[in-house]
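Heads up: the sequence shown runs through residues 386 to 485, numbered per our numbering. Have a look at the structure below before the remarks.
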Amino acid sequence: MVHSVRLESECASAHVGSNPTSSAVEDSRFIKVTAYFLVLALLVEYVGLRLNHWSFPGLHYIWKINYLGHHIPIEELLFYFILSTPGILSYYEFLDDDRR
Numbered sequence: 386m387v388h389s390v391r392l393e394s395e396c397a398s399a400h401v402g403s404n405p406t407s408s409a410v411e412d413s414r415f416i417k418v419t420a421y422f423l424v425l426a427l428l429v430e431y432v433g434l435r436l437n438h439w440s441f442p443g444l445h446y447i448w449k450i451n452y453l454g455h456h457i458p459i460e461e462l463l464f465y466f467i468l469s470t471p472g473i474l475s476y477y478e479f480l481d482d483d484r485r
């Protein structure tokens, strides 16, 4: 009987951080922060293209999309704008966060 109590307490302590709603909350935080930085990145991209700070003249892109009269590669949008923010947040959350 002592063993069963000990095992139950060990199982209870193992599930302390695995709250199913905490994952949904973290996902919504990732989505909100990604949306915020997506808007900022699109604004910076537009200003850079409009003022000729950079351009995409080549033909070797997966696909170019028309963005407010300028053509940008889809891989720029996907990797730089959309995937970079969750990547940085994941690095912070899993490797640099002090677990508070």
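Where a beta carbon is used, it is the ideal one built from N, C-alpha and C, also for glycine.
In the same chain as Leu-453, and ignoring 5 residues on each side of it, the C-beta atoms closer than 7 Å to its own belong to Tyr-431, in chain order.
Of the other Cβ atoms in all chains shown, 16 or more fall within 10 Å of the Cβ of Phe-466; this residue is therefore buried. A Cβ-Cβ separation of about 21 Å leaves Pro-458 out of contact with Ile-473 under the 8 Å criterion. Cα atoms of Ser-440 and His-456: separation of roughly 8 Å, rounded to the nearest angstrom. The beta carbon of Lys-449 is closer than 8 Å to those of Phe-441, His-456, Ile-457, Pro-458 and Ile-459 in its chain, skipping five residues each way along the sequence.
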